[in-house]
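Novice: There's a structure below that I have some questions on.
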Amino acid sequence: MEDGKEPDTPFKGVFNVRLDPELHRRVAEMAMEEEVSNHRAGA
3 MEDGKEPDTP
13 FKGVFNVRLD
23 PELHRRVAEM
33 AMEEEVSNHR
43 AGA
């Protein structure tokens with residue numbers, strides 16, 4: 003780049019996180035209760 007800066011990197015909207023199994027279970031239960039996906043419940 004002429005100004006010495008790197009171009010912005012596009013973001014895909016993906017953010018992978020490893021959860022403790024107990025936390026994963028709680029998020030899944032909350033998602034079922036709220037009738038949303040695990041992704042929305044964990045956001």
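In our numbering, the protein residues as written are 3 to 45. Yeah, the Cβ is synthetic: ideal placement off N, Cα and C, and Gly gets one too.
What is the residue span of the alpha helix (DSSP H) that Glu-36 lies within?
Specialist: 23 to 36
Novice: Is DSSP giving Asn-18 helix, strand or coil here?
Specialist: coil
Novice: Between Asp-22 and Glu-8, what straight-line distance do the alpha-carbon atoms span, to the nearest angstrom?
Specialist: 36 Å
Novice: Anyone know if the C-beta pair for Asn-18 and Val-29 falls short of 8 Å?
Specialist: no
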